[in-house]
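Engineer:
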Amino acid sequence: MPAKSRQNQLTLSDPSLNRTPIATRQRARANGQPSAANSPRPATTRKTCSNQPPADNNSGPAPISRRKFVEAWLASTPAEPLAEELQAQAIAESQQRQAILADEDRVRRHIENRRLSELRTQRNGDYGVRDEPVNEKRTEEQLRLAAMLWNMLSDNEQYPCVENHVPRRPVEGLCSVCLDRMDVSSKENSLTWCRGGCGASFHMACIREWCMKRNLWTIEGCPSCRADWVVGCNCVR
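Structure below.
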């Protein structure tokens, strides 16, 4: 084999010998062409390490606002059952309010009755007089006036009784307030009389109501003679 052919075969078989001659590289650089040695390398992708877990597409639906939740609930709820439910709830709330108002009314009546009872007990204890039994069927107006009277009277103020009072006249005829006949047999428990003027008898409940309606014991006094009434003697007993 000739020496030149053998040299070419060695060049093709040996990669280390397959190089661009220096003269060729210099000519390519002079002409502005990149040589094989200076050609850019292909871009490589660098793998990065991340600590975040991969996204999970099965994590469930995204949260929604309160308004959308309520709208979705209304859309999924039948109209008729919802109306019945709201009506039942309104009825229950109305019954609850009525029960509360009834309790408040009972408490208020209890307080007013207690104030009236304390007033009678205090006046009877101060003057040694008797009073009629407590009437549980008081009217609303009587209880209101009695509460007003209790608030107006002072515990420190004395209400004197007239010692030289007019004696009772014989019980006869009609009560000047209610115009009903007076029962003579029950006069000690249910009747009183005008000690400051005429001595006429009246039903105890009638004279109390009369005094309360006449600006709480201060105006006109006796229904018959218009004499002043004394709180400690005439209106209580």
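Residue numbering for the sequence shown follows full-length UniProt numbering, beginning at 1 and increasing consecutively.
Even for Gly, the Cβ is constructed at its ideal location relative to N, Cα and C.
Using DSSP with H/G/I as helix, E/B as strand and the rest coil, what is S65?
Structural biologist: In this structure, S65 counts as coil in the three-state DSSP scheme.
Engineer: Can you tell which of W210, F69, R109, Q89 has the C-alpha that lies nearest to the C-alpha of C178?
Structural biologist: If we check each option's Cα against that of C178, W210 comes out closest.
Engineer: Run the CB neighbour count on S201, radius 10 Å, all protein chains shown included, and call it buried at 16 or more, exposed below.
Structural biologist: With 16 or more Cβ atoms within 10 Å of its Cβ, S201 is classed as buried.
Engineer: State yes or no: is the C-beta of M204 within less than 8 Å of the C-beta of S224?
Structural biologist: No, these two residues do not count as a Cβ contact at 8 Å.
Engineer: At the level of alpha carbons, what is the spacing between M182 and G196?
Structural biologist: Between M182 and G196, the C-alpha separation is close to 20 Å.
Engineer: If you check the beta carbons only, do C206 and C175 fall under 8 Å apart?
Structural biologist: A contact, by the Cβ cut-off of 8 Å.
Engineer: Which word fits L116, buried or exposed, when buried means at least 16 other C-beta atoms lie within 10 angstroms of its C-beta?
Structural biologist: Its Cβ being crowded by 16 or more others within 10 Å, L116 is buried.
Engineer: Taking the C-alpha atoms as reference points, what is the distance between R66 and E85?
Structural biologist: If you take the alpha carbons of R66 and E85, they lie about 21 Å apart.
Engineer: I'd like the list of long-range same chain contacts for Q87, defined as Cβ closer than 8 Å, with 5 residues on each side in sequence excluded.
Structural biologist: Closer than 8 Å at Cβ, skipping near neighbours: no residue.
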